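Report on one structure; see the data block that follows.
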Amino acid sequence: MRENYTKLSGVRDYSFERLIHTSRDGYDFDTSPSTIVWRAQQNGQEYAVKRLKSKRNWRKERKLIDKLPQHPNLAIPLDAFRTIDGNFIVQELAEGRQMPRSLHGYYELTLEQLFSYVQQIGDAIDELNKTHVHCDLRIPNIIVNEGVARIIDFGLAGKIGSHYLTYTFDGAWDCIPEHLHSWRVQRTPEIDQHSLQHLLSSVMGETAYRNEQSE
């Protein structure tokens with residue numbers, strides 16, 4: 065019988081308050097999740113603690129510790145360790161909900177709010193792109209709360225000039241300019257800039273489509 069890692073109450077000196085997110089690679093539901101994220105607390109401070117099933121992915125993200133800029137719109141990884149329970153990454157906690165996909169969804173999003181979020185994300189990316197590239201700037205990786213947008217999930221991030229494999233994750237082509245499409249892509253700031261433009265046009269396009277359908 066496989067262990068249910070979602071039932072962990074804590075690890076090291078982090079106590080888990082609640083489960084935030086789980087995900088699997090593909091559709092193999094008979095295995096433990098590839099990623100599990102908890103809201104955790106340590107010495108009165110709150111964090112997001114992520115367990116990665118893949119040791120390789122954990123090692124890649126561990127390399128980012130102390131390398132990424134501190135920025136109010138980035139929720140960066142802070143620590144990495146391994147225990148008998150798995151491979152863990154400690155991140156800044158980004159409270160809130162996923163950024164809405166359109167201006168007229170379940171959660172209201174005004175045009176002014178959208179432009180504000182895009183401006184905040186752009187400022188964060190400008191700072192990040194001095195040394196690194198996020199490579200996965202999509203709506204699921206943007207958390208908004210009380211007018212503030214924060215970028216999460218640095219699993220694909222790396223130094224400018226390094227390479228990564230695109231066939232290993234969903235939505236790869238949305239984050240990469242067409243002329244760079246390949247199974248192995250070099251990280252450049254152009255990727256994050258393209259992703260931000262695609263995100264904005266996607267939200268605006270989805271809004272236009274919904275308006276058209278309602279007429």
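Sequential numbering of the sequence shown, starting at 65, is according to the numbering used here.
Cβ atoms here follow ideal geometry from the backbone N, Cα and C, with glycine treated the same way.
Only a predicted model underlies this, so the values are computations on that prediction, with no experimental measurement involved.
Beta-carbon spacing of residue i, residue j below 8 Å
i	j	result
R115	Y69	yes
H227	R251	yes
G219	N121	yes
A188	I215	yes
E159	I140	no
I255	A213	no
D200	C239	yes
K117	P97	yes
Span separating the alpha-carbon of residue i from that of residue j
i	j	result
R76	M268	44 Å
V154	A144	6 Å
Q177	Y111	26 Å
S73	E81	8 Å
H258	K71	39 Å
V208	S246	31 Å
S87	L192	26 Å
A104	L264	32 Å
R146	F152	6 Å
V182	S166	13 Å
F179	P253	21 Å
I210	H135	Note on identity: in this sequence residue 210 is Glu, with Ile being the wrong assignment. The alpha-carbon atoms of E210 and H135 are separated by roughly 17 Å.
Close Cβ partners of residue i (< 7 Å) along its chain, the five nearest in sequence each way excluded
i	result
P204	Q162
Q106	D77 and Y78
V249	H227, Y228, T230 and I240
Cβ neighbours of residue i in the same chain (closer than 8 Å, five flanking residues each side left out)
i	result
H196	L128, K131, L132, A221, G222, K223, I224 and R251
Simplified DSSP assignment, three categories, for residue i
i	result
E176	helix
K117	coil
P241	coil
D77	coil
D137	The question names Asp, but residue 137 is Asn in the sequence shown. Of the three classes helix, strand and coil, the one that applies to N137 here is coil, per DSSP.
H258	helix
I207	strand
A158	coil
Nonlocal neighbours in the same chain, by C-beta distance under 6 Å from residue i, ignoring five residues either side
i	result
H85	V101
L142	V154
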